[in-house]
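Data first, discussion second: the structure below is written as structure tokens.
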Amino acid sequence: MPNPTPEPFTAQLALTQLSESTWQTTSHPQRMGNALPIAYGGYALTAACQAAHLSAPAGYHLYSFLGNYLGPASTDRPLRATVRSVRQTRSFATRHVEVSQLQDDGKERVCLFATADFHIKEPAGSLLTYHRPPRGAYSHWSECPSRTETADALLAAGDISRETYARFESAVRVNAGLFEARMCPEGVFAQNLTGIAKAVPHSQDDRPLVERTSADWFRCASKLPSQTEQLGALAFYSDGALSFCPLSFSHLYHEDSAACSSLDFALRVFGEVDVQKWCLREITTSVGAEGRTYSEAWIWDEEGRAVACMSQQSILRAWPEKGKL
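Residue numbering for the sequence shown is 1 to 325, as defined by the UniProt record's numbering.
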């Protein structure tokens with residue numbers, strides 16, 4: 001039986017205030033492409049980001065959101081975000097946020113810890129204004145196919161099987177209900193369906209791993225009434241794919257590792273956010289060592305202004321070697 005159509009973003013990630021410093025999601029987090037009842041990490045990330053923003057006074061703008069994933073969240077109960085103010089000045093504000101879930105024994109299980117920093121708009125403006133461009137050259141969103149159209153083309157060409165097509169469709173179902181996304185054909189993900197079609201050759205096979213890129217255009221599929229929801233949507237989308245992009249760029253996928261998940265995150269926001277308009281995301285990976293990887297997603301608006309950068313270290317554990325007879 002197919003999954004029901006996902007609720008809009010504002011419904012799935014809505015918060016209700018329990019106390020002066022605590023908020024709780026009104027819906028349970030959902031999984032994305034995981035067979036276990038483990039929620040996509042973007043749900044906890046978004047709950048923390050939105051709660052921190054709600055705790056800050058008007059006129060303070062999020063510029064840094066750093067933290068650690070401490071454990072997976074379950075899909076059978078809501079998320080609770082508790083905020084503590086550690087700095088409040090005329091120019092800056094800092095909040096610590098814990099996201100947890102209430103267990104059956106009444107204890108709280110913490111799954112994420114974050115530090116959120118806010119800054120007022122500088123009265124004198126910026127001394128310097130500049131933005132780095134994407135590494136690659138990508139098609140405009142109006143020229144890019146949807147995720148479904150991308151998969152349809154690979155299926156029609158005989159590059160993927162119906163089983164692979166169905167696996168991709170299942171993996172993106174929840175995200176597709178929250179965001180409209182168009183995969184840039186120049187990027188790796190459009191050519192191998194985010195790595196699910198790992199055997200398919202891609203146009204960057206001749207490049208070193210650290211020079212391979214993927215990109216997509218995205219915008220939120222529902223109305224976002226305030227910067228709280230805008231930042232939540234940005235955090236949610238920017239969290240995606242960074243843990244497994246080194247695998248996908250290397251003709252590997254989740255089943256080829258013993259563990260693959262994000263350990264920490266650093267979201268930097270460079271100005272006002274509007275993800276109801278088309279934004280370009282470019283994904284790269286820079287380091288793989290000691291069983292961990294370091295990858296980044298940069299996001300620009302349609303005018304080429306850098307909106308945000310998300311960087312993450314992730315566990316990428318090898319399967320133990322089989323004993324030799």
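Ideal Cβ placement from N, Cα and C applies to all residues, glycine included.
Since this is a predicted model, take the numbers as computed values, not measurements.
Straight across, the Cα-Cα distance linking S55 with A151 is about 42 Å. Residue environment for G59: exposed (fewer than 16 other C-beta atoms within 10 angstroms of its C-beta).
Judged by DSSP secondary structure, A241 falls outside any beta strand (DSSP E); it is assigned neither H nor E. Contact between the segment 258-266 and the segment 305-317 is present: 3 or more CB-CB pairs across the two stretches fall below 8 Å. Taking C-beta atoms under 8 Å as the contact rule, R219 and V275 qualify, at a distance of about 6 Å.
The three-state reading of DSSP puts V172 in helix, counting H, G and I together. If you ignore the 5 residues before and after R84, its C-beta comes within less than 6 Å of the C-beta of H96, all in its own chain and listed in chain order. Assignment of beta-bridge partners to C279 by DSSP yields F218 and D301. Distances from the alpha-carbon of A297 to those of E272, G42, E255 and L242 put L242 closest.
Under the three-state reduction of DSSP output, R162 falls in the helix class. Excluding its 5 nearest sequence neighbours in each direction, A176 has C-beta neighbours in its own chain below 7 Å: R147, listed in chain order.
By the Cβ rule, the segment 243-262 does not count as touching the segment 17-25, because fewer than three pairs are nearer than 8 Å.
For S100, the enclosing beta strand (DSSP E) stretches over residues F92 to L102. About 4 Å separates the Cβ atoms of A44 and L112, confirming a contact at the 8 Å cut-off. DSSP lists no bridge partner for S226. The Cβ atoms of S64 and R268 sit closer than 7 Å to each other.
Between T115 and T94, the beta carbon gap of about 7 Å places them in contact (Cβ cut-off 8 Å). In the structure shown, G187 falls within a coil segment according to DSSP collapsed to helix, strand and coil.
Our two residues, A157 and A197, have alpha carbons roughly 13 Å apart in a direct line.
Scanning its chain for C-beta atoms nearer than 6 Å, with the 5 sequence neighbours on each side dropped, one finds around Y165 the residues A151 and L155, in chain order. P208 and P201 have their C-alpha atoms roughly 15 Å apart.
If you draw a straight line from the Cα of G125 to the Cα of Q17, it comes to about 35 Å. At least 7 Å separates the beta-carbon of I283 from that of S238. With respect to A73, A39 sits close: the two C-beta atoms are nearer than 7 Å.
Annotation for Q30: no beta strand (DSSP E) segment contains it, and DSSP assigns it neither H nor E.
Using a 10 angstroms sphere on the CB of T194, the tally of other CB atoms reaches 16 or more, which defines it as buried.
Of the other Cβ atoms in all chains shown, fewer than 16 fall within 10 Å of the Cβ of H140; this residue is therefore exposed. Taken through DSSP and simplified to helix, strand or coil, W319 comes out as coil. S64 carries a strand assignment under DSSP once its states are collapsed to helix, strand and coil. Rounded to whole angstroms, the separation of the alpha carbons of Y253 and K223 is 34 Å. Take the alpha-carbon of G136 and the one of A52: they are about 34 Å apart. When DSSP reads this structure, A116 sits in a beta bridge with F65 and R95.
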